[in-house]
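In the numbering used here, the protein residues as written are 10 to 260. Ideal Cβ positions, reconstructed from N, Cα and C, are used throughout, including at glycine. Down below is the structure, laid out as structure tokens.
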Amino acid sequence: MKDNQTRETESLPRHVAIIMDGNGRWAKSRGMKRYKGHHEGVKSVREIVSVSRRLGIESVTIFAFSSENWRRPSEEVNMLMELFLLVLNREVKKLHRNGIRLQIIGNRSRFSAKILKALEKAEKLTAENREMNLFVAADYGGKWDITNAVNSLVQEHISFGNSEISFTEEQIASRLSIAGYSDPDLFIRTGGEKRISNYLIWQLAYAELYFTDVLWPDFREDEYMQAIQWYSGRQRRFGMTGDQITEQNNP
């Protein structure tokens with residue numbers, strides 16, 4: 010499907026969220042060490058970000074490292090941290106040239122000083138870019154995100170001396186990691202698993218969920234366009250009936 014055909018549907022997602030699953034299995038199936046799969050997966054990230062920018066998609070969020078990933082063997086965790094640092098330093102200038110704003114979401118307390126310095130530098134460099142938003146979820150968990158948002162509101166209420174603590178959905182949403190940006194319209198998970206794995210569990214409430222058996226290192230432009238085309242054929246109801254949506258679109 011060509012880019013202009015995609016635009017003509019007027020059904021492009023504004024925000025795509027991705028779980029990049031299958032790097033280790035991709036490497037193992039080729040007799041390689043797991044880290045080779047993660048390195049190859051970076052190429053897929055680069056291509057998907059480039060295609061998203063070209064299509065005019067506003068935001069892409071990728072799940073780089075979950076809060077549960079710390080449970081993996083220490084050798085693999087160390088490798089992932091080294092790769093994270095390498096990619097941050099190597100890719101940020103290209104993102105900046107292309108007008109892409111980079112933001113890291115997640116719990117930063119367990120990152121090394123070197124990684125913290127690199128991600129803060131990358132965010133500062135790209136802070137004024139408006140071509141596209143790239144959110145990288147690192148040491149992120151959806152439950153952590155909601156808990157962190159509520160704790161922030163509680164602390165604010167206490168500091169103002171409020172005795173009653175009651176929050177609206179809008180108040181909680183305003184403190185989540187990607188507050189101020191549209192929630193994901195399209196969720197993609199590669200690698201064959203069919204779950205969201207504690208990823209953006211608040212923000213994905215109304216997203217269309219697309220699952221594919223393709224392993225992440227093999228997920229390139231053609232596979233991505235298939236997901237976009239699938240999304241363009243969906244009818245997003247937000248609790249309404251199909252007839253209501255049709256009437257709304259054809260007053």
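Inter-segment contact for the region 127-137 and the region 157-174 is absent: fewer than three beta-carbon pairs are separated by less than 8 Å. Note that the C-beta distance between F72 and I124 is not below 7 Å.
Take the alpha-carbon of F220 and the one of S168: they are about 44 Å apart. Less than 7 Å divides the Cβ of Q212 from the Cβ of D192. The DSSP-derived three-state label of A73 is strand. For V159, the enclosing alpha helix (DSSP H) stretches over residues G151 to S168. By the neighbour-count definition (other C-beta atoms within 10 Å, threshold 16), Y149 is a buried residue. Per DSSP, reduced to three states, the secondary structure at A122 is helical.
In chain order, V101 and H105 place their CB closer than 7 Å to the CB of L134, counting only its own chain and leaving out the 5 sequence neighbours on each side.
Going by beta carbons, A214 and I181 fall outside the 7 Å limit.
DSSP, read as helix, strand or coil, puts E217 in strand.
For the 7 Å CB-CB criterion, I57 and Y190 do not form a contact. Counting along the chain, the unbroken alpha helix (DSSP H) around L94 starts and ends at S83 to R106. The DSSP-derived three-state label of D192 is coil.
In the three-state scheme derived from DSSP, where H, G and I count as helix and E and B as strand, N32 is classed as helix.
Bounds of the alpha helix (DSSP H) holding Q238 are E230 to S241.
Per DSSP, reduced to three states, the secondary structure at Q244 is coil, with no helix or strand assignment.
In terms of CA proximity to F228, D30 leads the group S20, E91 and D30. In the structure shown, Q112 adopts extended strand secondary structure according to DSSP, grouped into three states. DSSP places D227 within a helical segment (H, G or I) once states are collapsed to three.
With 16 or more other Cβ atoms inside 10 Å of its own Cβ, R110 counts as buried.
Cα atoms of L89 and F74: separation of roughly 8 Å, rounded to the nearest angstrom. Beyond the five residues adjoining it in sequence on each side, L195 comes within less than 6 Å, by CB distance, of P22, V25, E217 and Y240 in the same chain, given in chain order. The beta carbon of S61 sits closer than 7 Å to those of V25, V69 and M141, all from its chain and outside the five residues before and after it, given in chain order.
Collapsing the DSSP output to three states places S59 in a helix. The beta carbon of S186 sits closer than 6 Å to those of I114 and D154, all from its chain and outside the five residues before and after it, given in chain order. Between P226 and W79, the C-beta spacing is not below 7 Å.
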